[in-house]
Amino acid sequence: MMREIMTFLLRTGFPHKRAAMRSAGLSVARANRGTGGAGVVRTLVVAGVLTAFPLASPFVRAEIVVTHGGGTTTLPDRPQRVLVFDPAALDTLDKLGVEVTGVPGSNLPDYLAGYRDPRYLKIGTLFEPDYEAVAAATPDLIIVGARSAAKRRDLSSIAPTINLAVEDRHFVDGVKRNVETLGRVFGKEAEASALLSRIDGAVARVRADAPGAGTALMVMVNGGKLTAYGPGSRFGWLHDELGVKPAIAEVKAATHGEVISFEFLLKTDPDWLLVLDRDAAVGRSTEAARKVLDNDLIAATRAAKAGRILYLDPVRWYITGGGGAAFATIAEDLALALEAGRSQ
């Protein structure tokens, strides 16, 4: 009987529950030699165990089912050792107050610079995992995103791996769904709810002012070249979901936009020119876009004359935009710009 009891205690995590047993006035006693008091001691131990750890004990592990971009993954328990390849997911986890174990060794934005600290394991790049480092970290969960999604299957052979890449279409809902998912997985539902409320509030403000704000064209500056984005593109949610009227509807939905000229910008002549500096986003330069757009053709546009050239937060738009906190900031910045434009 005693052997069965000890087996039960070990299977239910007895080493972690000694304190709970002591607080309940229990102890695991060793019977005196002989048979006189052994039966009494064993009976008391069995009764104490059944009282302190019933079958419906809160210590029993509860599986967590996660639906994500790679399908459905079942986690045996709440993850403790988490590796994050996706900067957007890291943005959300940071805001929710979830501690992580490992992150990419490069391309982390300055506002997440704390994760460059050596205490966080470096597990590869945004695109390519260091599989030896990943395996050595003994993770409970690995999170990939758009740039690392192709490695999900390989990483899944090491530990449960979920893909939290956000699709261009239904982008806002995708961001919110990931916030909800991470809040549930890590027991941070209250923090997730607060972040979702912030997102909803900012989005509502943009949608309220967008119809009367005029037209907008989003361009990206990359190595001195200009590319444009419209509805249905990587940043099409600006028009499709937030309601900002596009200056031109038909723009090729390429990853880095459709190449355009300064003459095209002047001809299109949007009320708002939203500028994303990719060079700044990837750490090449901090003023590249302003220098490129400092010319007479741009100065002749309605956007320039009205002071409505908006230089976007390059890191949050290009690197971490699918994260809950990053997207909340993006939407808030847009709301402030449109509100300021309304008062002009």
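So that you can map any letter, position 230 of the sequence shown is 211 in my numbering, and since no number is skipped, the others follow by simple counting.
Don't be surprised by glycine CBs; every beta carbon is placed ideally from N, CA and C.
Boundaries of the beta strand (DSSP E) around ALA209: 206 to 210.
Pairing LEU223 with GLY217, the inter-Cα distance amounts to about 9 Å. When rounded, the separation of the alpha-carbon atoms in LEU198 and GLY211 is 7 Å.
Taking a C-beta distance under 7 Å as the contact criterion, VAL225 and ALA191 qualify as a contact pair. In terms of CA proximity to PRO251, THR196 leads the group TRP298, ASP221, THR196. Just so you know, the alpha carbons of ASP121 and PRO60 end up roughly 5 Å apart. The residue among VAL153, LEU107, ASP135 with its C-alpha nearest the C-alpha of ARG188 is VAL153. Non-local beta-carbon contacts of ALA116 in its own chain, meaning distances under 6 Å to residues more than five positions away in sequence, involve ILE139 in chain order. Listed in chain order, the non-local C-beta contacts of ALA69 below 6 Å within the same chain comprise GLY126, THR301, GLY303, GLY304, local neighbours out to five positions each way being set aside. Between ASP72 and ALA306, the C-beta spacing is below 7 Å.
Secondary structure note for VAL156: its alpha helix (DSSP H) is the uninterrupted segment 152 to 166. Every alpha helix (DSSP H) stretch that sits fully inside the region 170 to 217 and reaches 4 residues is listed by chain position as 170 to 190. Taking a contact to require three or more Cβ pairs closer than 8 Å, the region 40 to 55 and the region 143 to 159 qualify as touching.
For VAL125, no alpha helix (DSSP H) encloses it; the enclosing beta strand (DSSP E) starts and ends at 122 to 125.
For TYR292, the enclosing beta strand (DSSP E) covers residues 290 to 292. Between the C-alpha atoms of SER137 and GLU320 there is a straight-line separation of about 46 Å. Inter-segment contact for the region 152 to 166 and the region 72 to 89 is present: three or more beta-carbon pairs are separated by less than 8 Å. DSSP lists THR55 as the beta-bridge partner residues of VAL46.
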